[in-house]
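Quick note on numbering: the sequence shown equals residues 153 to 401 in our numbering. Quick reminder that beta carbons are idealized off the backbone N, C-alpha and C, glycines included. Note that the structure is a prediction, hence the values are computed from the model and not measured.
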Amino acid sequence: MKKIIVVLLTVLMLAGCVAKVEETPKLVMATECTFQPYEYYDGDEIVGIDVEIAEAIAEKLGMELEIVDIAFDSIIPGVMGEKYDIGMAGMTVTDERKEQVNFSDSYATGVQVVIVTEDSPITSVDDLFEEGNNYVVGTQAGTTGFLYATWDIEDAGLGTVDSYQKTTDAASALLNGKIDCILLDNEPAKAIVKNNTGLKILETEYAVEDYAIAINKANTELTEKINAALAELTADGTIETIINKYIGD
Numbered sequence: 153m154k155k156i157i158v159v160l161l162t163v164l165m166l167a168g169c170v171a172k173v174e175e176t177p178k179l180v181m182a183t184e185c186t187f188q189p190y191e192y193y194d195g196d197e198i199v200g201i202d203v204e205i206a207e208a209i210a211e212k213l214g215m216e217l218e219i220v221d222i223a224f225d226s227i228i229p230g231v232m233g234e235k236y237d238i239g240m241a242g243m244t245v246t247d248e249r250k251e252q253v254n255f256s257d258s259y260a261t262g263v264q265v266v267i268v269t270e271d272s273p274i275t276s277v278d279d280l281f282e283e284g285n286n287y288v289v290g291t292q293a294g295t296t297g298f299l300y301a302t303w304d305i306e307d308a309g310l311g312t313v314d315s316y317q318k319t320t321d322a323a324s325a326l327l328n329g330k331i332d333c334i335l336l337d338n339e340p341a342k343a344i345v346k347n348n349t350g351l352k353i354l355e356t357e358y359a360v361e362d363y364a365i366a367i368n369k370a371n372t373e374l375t376e377k378i379n380a381a382l383a384e385l386t387a388d389g390t391i392e393t394i395i396n397k398y399i400g401d
């Protein structure tokens, strides 16, 4: 009888130990994985600048990073609805977005550029604003490129805007003559030109922007923790190393 009691006590003690083991909290990141080199697929793995920076932040916070690949224009609504903890997708800080979410400190700078075919009559950004032109500008839905094209070109009566869920879809539309150019961030634009013969980037820049992490407005504690982690990762050179790994000089 004593042996049975000892065994039962041992089982209960082990069960108690198991019950006390806590899972590592997750940091759920929403992104859109056609934005090379910030986030993209390498085989079945999601990699890129944003991915590695998010992993470094999660490590600082004692959390495990979980990445969810969704449409770009669904990221901010998802963060607002607390479906995701953060949004990272080469996301530019704008006044409109700041009304919807909090932003971390900036961790990178982006440049908006224009992609055209090599035989395009568009030779500079200024050509898009000449009276009498009626170009069709391709963009990725929900991006600042879409906003710029809408405000500066479509609303001004200088052309129309076609938006696509993926940058690769916009590239196909340009090659097939459905649009006249693409307004996009410089680094993914380089990847598109590299992967599609017959396209080039205009030398003139369209705009310069700051990239930051979108966080739910109510979660000020997470915003503060992420900013503290970013400050440490900037100070020790981690962020610069990650960016140089994918972009270089």
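Residue range Y287 to Q292 is occupied by the beta strand (DSSP E) that includes V289, with no alpha helix (DSSP H) assigned at that position. If you draw a 10 Å sphere on the C-beta of S276, you find fewer than 16 other C-beta atoms in it, and that means exposed.
With distances taken between CA atoms, S256 lies nearest to G239 out of T269, E270 and G239. For D247, the closest of F187, A366, E392 and I205 by C-alpha to C-alpha distance is A366.
Three or more beta-carbon pairs drawn from the segment 357-365 and the segment 259-266 are found closer than 8 Å, and the two stretches are therefore classed as touching.
Beta-carbon to beta-carbon, L326 and T291 are separated by about 11 Å, too far to satisfy the 8 Å threshold. In the DSSP assignment, Y193 forms a beta bridge with I198.
A contact between stretches requires three or more CB pairs, one per stretch, nearer than 8 Å, and the segment 277-286 fails this requirement with the segment 385-400.
Under the DSSP assignment, S324 falls in the alpha helix (DSSP H) whose first and last residues are T319 to L327. Nearest Cα to M232 within the set E251, D388 and M215: E251. A residue is called buried when at least 16 other Cβ atoms come within 10 angstroms of its Cβ; F281 does not meet this threshold and is exposed.
Under the rule that a run must span 3 or more residues, the beta strand (DSSP E) segments found entirely inside the segment 350-378 read 351-353 and 359-363. For I334, there is no enclosing alpha helix (DSSP H); the enclosing beta strand (DSSP E) has its first and last residue at C333 to D337. Here the C-alpha atom of Q188 lies approximately 7 Å from the C-alpha atom of A343. For D388, the closest C-alpha among the options E184, L351 and I209 is that of I209. The shortest CA-to-CA distance from N328 to any of M243, M181, D337 and L351 is the one to L351. Of the candidates K330, P177 and A323, A323 places its Cα closest to the Cα of V266. For V180, the uninterrupted beta strand (DSSP E) segment begins and ends at K178 to T183.
For A260, the three-state secondary structure derived from DSSP is strand. D314: member of the beta strand (DSSP E) spanning G311 to Y316, first to last residue. Partner residues in the beta bridge of N254, as assigned by DSSP, are I367. Proximity to D221 across L385, N254 and T186 peaks at T186, based on C-alpha coordinates. Apart from sequence neighbours up to five positions away, the residues of its chain that approach K212 with a beta-carbon distance below 6 Å are A381, ordered along the chain. Distance check between A293 and each of Y193, E184 and D225 places D225 closest, using alpha-carbon atoms only. Using a 10 angstroms sphere on the CB of A370, the tally of other CB atoms stays under 16, which defines it as exposed.
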